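Number of protein chains: 2
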Amino acid sequence: MTPELEQKCINTIRFLSADAVQKANSGHPGLPMGAAAMAFTLWSRHLRHNPRNPKWINRDRFVLSGGHGSALLYSLLHLSGYDLSMQELQAFRQWGSKTPGHPESGHTAGVETTTGPLGAGFANGVGMAIAEAHLAAVFNSPEFPVVDHYTYAIVTDGDLMEGVASEAASLAGHLKLGKLIYLYDDNHISIEGDTNVAFTEDRMARFAAYGWHTQTVADGNDIEAIDAAIRAAKADPRPSIIAVRTIIGFGMPTRAGTPKAHGEPPGTEELAAAKAALGWPAEPAFYVPAEVSEWYSKALEGLESQNFGWTRLFDEYKKTNPAKAAELERRFAGGLPAGWDDNLPLYPADPKGVQTRAASGKALNHFAALLPEIWGGSADLAPSNNTNMAGLGDFQAENYGGRNGHFGVREHAMGAIVNGIQNHGGLRSFGATFLVFADYMRPAIRISALSKLPSIWVFTHDSIGVGEDGPTHQPVEHLASLRSIPNLVTIRPCDGNESIFAWKVALARTNAPTAMVFTRQNLPTLDRSLVADANGVEKGAYVLADVGDGAPELILMASGSEVSLIVDAGMKLAAEGVNVRLVSFPSWELFEQQPREYRESVLLLGVKARVAVEAGISMGWAKYVGDSGEVIGIDHYGASAPANILFKEFGFTVENVIDTARKVMSR
Amino acid sequence: MTPELEQKCINTIRFLSADAVQKANSGHPGLPMGAAAMAFTLWSRHLRHNPRNPKWINRDRFVLSGGHGSALLYSLLHLSGYDLSMQELQAFRQWGSKTPGHPESGHTAGVETTTGPLGAGFANGVGMAIAEAHLAAVFNSPEFPVVDHYTYAIVTDGDLMEGVASEAASLAGHLKLGKLIYLYDDNHISIEGDTNVAFTEDRMARFAAYGWHTQTVADGNDIEAIDAAIRAAKADPRPSIIAVRTIIGFGMPTRAGTPKAHGEPPGTEELAAAKAALGWPAEPAFYVPAEVSEWYSKALEGLESQNFGWTRLFDEYKKTNPAKAAELERRFAGGLPAGWDDNLPLYPADPKGVQTRAASGKALNHFAALLPEIWGGSADLAPSNNTNMAGLGDFQAENYGGRNGHFGVREHAMGAIVNGIQNHGGLRSFGATFLVFADYMRPAIRISALSKLPSIWVFTHDSIGVGEDGPTHQPVEHLASLRSIPNLVTIRPCDGNESIFAWKVALARTNAPTAMVFTRQNLPTLDRSLVADANGVEKGAYVLADVGDGAPELILMASGSEVSLIVDAGMKLAAEGVNVRLVSFPSWELFEQQPREYRESVLLLGVKARVAVEAGISMGWAKYVGDSGEVIGIDHYGASAPANILFKEFGFTVENVIDTARKVMSR
């Protein structure tokens with residue numbers, strides 16, 4: 000390949016991106032125009048992938064962490080031969096296109112992860128590298144390196160400023176993830192002006208402190224220097240970051256190197272002048288020179304033959320390691336093995352009961368023994384979250400085969416890393432912390448839901464049941480805020496057995512995330528010979544029992560720790576002659592997924608006297624209790640005191656439930 | 000003071016803390032026992048404060064960022080002479096006490112900020128130092144350094160791992176906040192074990208990269224070395240961090256230096272053995288030797304005389320700078336000057352209208368000219384958030400008098416810094432970003448609400464109105480998730496004039512935070528000669544108009560960009576003979592604060608046909624539309640396309656509102 004042809008390829012990428020932005024009259028030309036040369040260098044000389052087989056297990060992963068530069072990625076995907084037509088490039092940011100404003104995994108072939116919210120992609124990449132390291136440790140043998148690839152990213156100033164990237168970078172350095180190679184688009188520009196307005200730290204020294212290998216390239220258009228740096232990065236056992244000095248909007252005569260290059264269409268005049276300056280024909284827009292197309296066609300053959308080489312290796316692997324090969328394929332297909340949910344470790348009835356976090360730990364250990372793809376950990380709270388998987392080893396630089404990750408006190412990175420592991424494939428990953436700290440990782444929870452990743456979120460220490468740690472640690476609004484996230488299912492089990500079934504639901508949801516919410520304190524294990532089976536969790540809400548002598552005239556519903564409270568209140572009311580329906584309501588979202596007939600069979604249309612009880616804010620329960628109902632909730636912060644005192648002081652008592660029920664019935 | 004007496008003071012702090020935890024049978028003895036010596040050194044030799052006057056403007060600020068070590072702080076406050084009795088210490092973590100599990104500002108005198116969620120206190124301290132630097136620049140003259148104090152913190156491994164601390168540290172280094180001095184409780188222990196399981200970065204090199212002055216002290220009980228390091232930190236113009244090697248749970252014979260020391264009561268045996276090991280009497284618990292009490296009494300006199308010295312200085316300042324002195328006092332009292340809300344810059348009716356973010360910018364600039372205490376900025380989105388305050392200068396190391404802060408792409412730190420500025424006093428601070436990134440700073444929003452801080456949160460680019468940037472940037476669930484936070488008021492104005500009044504509400508709320516949500520796109524400016532005044536915002540919801548010939552038979556309600564939609568639909572329905580009430584509903588929380596009579600005068604009890612329209616998830620609206628009503632919302636993610644197409648595709652059309660209204664009326 001001649002230097003001239005390389006420049007043509009780079010300018011093709013540059014102007015396909017700029018033309019897409021200009022045609023949409025919306026988007027970000029600055030990053031693609033500035034980073035085109037380094038992206039081309041990476042993709043043409045290093046990235047092992049197969050546009051004809053975007054799900055090739057052993058492909059290198061590429062993350063565009065600055066997702067606003069999506070036009071760059073779409074240009075690369077189109078030229079490389081992915082299923083992304085010129086029509087799609089020309090429909091950039093339009094209704095129904097495969098080229099949305101920010102890259103969305105699952106939506107566009109070849110997009111490895113959903114980026115745009117800054118810092119997320121940086122941390123996703125760390126998750127991909129963790130997945131690679133773990134799968135390599137589990138599946139490879141010296142003669143069969145079936146999992147052996149790099150994870151690359153282009154990261155931006157904004158990514159490096161975000162705390163989530165700092166967290167992930169520190170962990171990546173600790174874990175010595177040497178196959179992680181990041182190109183830093185060091186363009187000195189942010190939206191408020193020169194990055195010097197807020198970002199003057201010594202970035203490379205910071206990354207060196209994390210344990211990374213750092214390099215700088217002085218000219219972002221010097222593809223030989225970029226290439227040499229990537230080669231050096233591959234040779235270094237540490238994760239690598241290469242600061243490449245680029246010019247944002249390179250080529251634009253008046254906007255290059257300024258904030259105006261970042262997020263505004265160039266305008267026809269500026270774009271024409273940029274094309275002229277770089278010797279590019281003014282017309283047609285979306286111009287791809289024939290020799291560029293030819294080069295990419297040939298390159299595609301080379302990429303496919305790399306894939307075929309791996310397939311041959313894998314065929315040999317299959318012969319000598321049939322079980323492992325089948326397991327690897329099963330894992331990447333994402334299915335669950337037959338019988339995985341047989342023989343659940345259920346609890347006998349027990350008034351003293353169990354912490355549901357302990358039941359969660361039991362479920363996790365049960366399933367982890369059956370499903371070797373389960374990998375996860377906690378943000379330094381494993382003993383409290385009950386998420387240690389006994390006997391399965393710690394994932395550390397010296398033991399990539401371990402299945403217990405230690406994220407440190409880094410909730411946000413944990414979330415994004417778990418997502419990155421799911422992006423990679425081959426594992427089912429979970430992250431755990433206290434429910435109140437779901438806030439710290441909320442952006443990652445959102446992306447898991449938006450991207451339909453089957454990440455599993457384990458939140459313990461729910462509600463005022465936290466007790467003495469006080470209101471800073473008592474999640475009163477967090478159930479509501481999790482329920483508000485589309486595609487996420489939130490489950491708050493009422494006892495040990497509902498907790499076991501919650502895990503079953505989470506694992507069975509292979510195309511979307513699940514959040515489970517567990518208690519710090521013991522909850523009675525309901526006697527399932529007297530009330531309905533705990534597998535009712537799978538329907539979100541179910542009738543535990545109708546108590547009394549006749550058709551229900553009152554519905555009491557609750558989730559989690561308040562279910563035993565309505566059971567007690569219901570029994571008392573029944574003894575006083577009231578016919579009460581008791582509903583366990585662990586998950587709004589699962590309930591909403593049921594057919595209308597089922598929903599109306601649980602919440603009988605004719606029974607208007609309804610009380611919902613939940614130790615969280617009342618928001619949203621009105622939909623289920625209706626105009627005549629009441630909610631016993633806690634629409635304010637908690638307090639620091641033993642939990643039993645808090646429940647009493649805040650009205651979570653049998654007496655209050657009965658009084659409220661009587662009030663509602665009198666309406 | 001003799002070394003013996005110093006040791007007695009330190010052991011008093013150590014065992015008051017341990018006894019409090021043991022009596023509560025709950026809490027964290029490890030940090031107080033390990034960090035007692037450095038805390039004592041700081042408080043006895045450096046901290047300028049007045050326990051008799053906890054709100055002394057020019058006191059040094061002290062933050063215990065590891066809030067789980069609250070017993071340490073309570074012991075220091077009690078001994079120093081704050082209004083925190085021995086009874087309160089003995090009621091640690093009990094109902095109604097002033098000694099909750101984690102420190103809460105506003106709840107306990109002398110607690111400067113609410114800590115516990117890790118990293119928050121670290122970043123709050125940066126906010127305090129910013130406030131100090133700014134107020135000093137505005138109010139001081141060479142002979143009158145009326146604002147001239149340090150901000151100290153004790154920070155922990157967990158704090159340093161959290162991304163929010165990384166963000167804040169980078170900014171503090173950039174801003175050269177030399178009066179920020181942090182002691183790092185470097186105890187090598189986290190909940191999952193040795194910090195080496197996840198945290199092996201070179202911390203001091205990382206802080207040096209941020210531009211901090213770094214030191215290490217090898218022995219956390221060496222008070223002379225700690226003292227010397229603090230003195231060196233004061234002499235250095237950079238922010239300082241001092242890594243002090245401590246032993247968690249120092250003194251406990253079997254638990255010191257182990258994770259068990261962190262968060263469990265020591266137990267009577269271990270506690271007795273610890274006392275014996277350090278030569279402390281086993282009984283009584285909560286023992287304070289007479290000579291320790293005496294020393295603290297004398298120290299209190301010294302502290303008071305420092306305060307008096309400042310008061311004399313301030314009295315002189317008053318004479319020569321009466322206006323400035325009065326202004327400083329007004330600002331710290333927190334009141335607003337008479338007439339501050341006169342002559343609001345309202346908009347004339349205009350069908351083309353204005354982006355409400357632009358109206359927000361107009362309101363901000365209007366109020367900033369009147370209220371010099373307004374200080375704030377954006378997380379690198381000022382041009383998009385319209386938060387630049389024209390002519391008021393940038394806050395930079397070279398210009399601490401500037402009122403436009405540049406937070407960089409660091410939403411979480413921005414939130415915690417704004418809170419820290421409010422903790423400090425003397426300013427009204429705001430932080431701005433896109434609404435979708437409210438998730439990144441949610442922990443800080445929560446603490447502002449829990450702590451009743453009047454922080455102002457400006458969120459622009461609401462809803463699918465974001466358009467082409469796509470679902471990663473379209474906040475569909477964020478209104479609901481903000482509304483779920485107790486004590487927070489969320490306002491989504493429907494036009495330019497509601498936006499002006501939203502700012503008025505936010506500024507008038509001097510004891511709680513407010514979140515305002517603005518559009519990227521233009522909204523028509525309603526003709527207020529035809530509909531009710533925009534000051535209805537102050538009541539959360541109000542009747543814009545009843546249209547038609549008779550008593551309302553249908554209520555259409557909406558917030559923000561959907562209000563003009565219901566107005567158009569209502570006019571059409573009225574033309575078709577339907578009597579419609581049109582309700583603008585910018586804030587649920589403000590509406591809930593109104594008397595029942597007002598609420599029922601807006602949402603007429605007798606009118607069951609109700610439709611709510613909001614381009615966000617429908618959760619929570621059921622309360623207002625009732626069993627017979629409908630919500631037109633968007634219970635899924637958006638898409639990338641021009642906003643007008645999205646509104647149409649997702650059902651936000653006059654036709655759909657009319658069809659839905661007719662359906663509801665037919666019930």
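Chains as they are written, first to last, in our numbering: chain A, 0 to 666; chain B, 0 to 666.
Yeah, the Cβ is synthetic: ideal placement off N, Cα and C, and Gly gets one too.
Keep in mind the model is a prediction, meaning the values are calculated, not measured.
Identity of the residue in the options nearest residue i by Cα
| i | options | result |
| --- | --- | --- |
| B:Y295 | B:Y81, B:N422 and B:A208 | B:Y81 |
| A:E131 | A:R58, A:D184, A:M203 and A:H27 | A:R58 |
| A:S359 | A:P350, A:M388, A:D341 and A:K351 | A:M388 |
| A:S498 | A:S483, A:L522 and A:N52 | A:L522 |
| A:R445 | A:W94, A:P116, A:G26 and A:L88 | A:P116 |
| A:D226 | A:S586, A:A396, A:T40 and A:D349 | A:T40 |
| A:R661 | A:S96, A:A167, A:G569 and A:D201 | A:G569 |
| B:G177 | B:R330, B:V624 and B:G126 | B:G126 |
| B:F646 | B:P344, B:L46 and B:A614 | B:A614 |
| B:W339 | B:F91, B:L369, B:L277 and B:Y541 | B:L369 |
| B:S74 | B:F649, B:V417, B:H472 and B:T11 | B:T11 |
Neighbourhood of residue i by C-beta, 6 Å cutoff - its chain only, sequence neighbours within 5 removed
| i | result |
| --- | --- |
| B:A255 | I246, G248 and F249 |
| B:G495 | Y346, V353, A358 and T524 |
| A:A642 | G464, G466 and Q520 |
| B:A324 | Y316 and K317 |
| A:R244 | D185, A217 and G219 |
Three-state secondary structure assigned by DSSP to residue i
| i | result |
| --- | --- |
| B:E629 | strand |
| A:G105 | coil |
| A:I420 | helix |
| B:P264 | coil |
| A:H477 | helix |
| B:P28 | coil |
| B:N57 | coil |
| B:A470 | Position check: residue 470 of chain B holds Pro in this sequence, whereas Ala was assumed. In the structure shown, B:P470 sits in a helix (DSSP, three-state: H, G or I). |
| B:W94 | coil |
| A:A378 | coil |
Same chain only: Cβ atoms within 7 Å of residue i, ignoring 5 sequence neighbours per side
| i | result |
| --- | --- |
| A:K451 | G105, N486, N510 and A511 |
| B:P102 | L63, G66, S69, L72, V110, T113 and T114 |
Euclidean distance between Cα positions of residue i and residue j
| i | j | result |
| --- | --- | --- |
| B:A224 | B:F394 | 35 Å |
| A:V62 | A:M37 | 14 Å |
| A:S583 | A:M556 | 6 Å |
| A:P442 | B:E476 | 12 Å |
| B:P144 | B:R44 | 21 Å |
| A:A531 | A:Q520 | 23 Å |
| B:T659 | B:V610 | 7 Å |
| A:G162 | B:D438 | 13 Å |
Contact list for residue i against chain B, beta-carbon separation under 7 Å
| i | result |
| --- | --- |
| A:K622 | A621 |
| A:S480 | S480 and S483 |
Interface residues of chain A facing residue i [CB-CB closer than 9 Å]
| i | result |
| --- | --- |
| B:G26 | E467 and D468 |
Chain-ordered neighbours of residue i on chain A, where CB pairs are closer than 7 Å
| i | result |
| --- | --- |
| B:S639 | R92, P99 and G100 |
| B:Y439 | P442 |
Close-in-space but distant-in-sequence residues of the same chain around residue i (CB under 8 Å, 5 per side omitted)
| i | result |
| --- | --- |
| B:V606 | P551, E552, L553, I554 and R580 |
| B:R508 | P453 and V488 |
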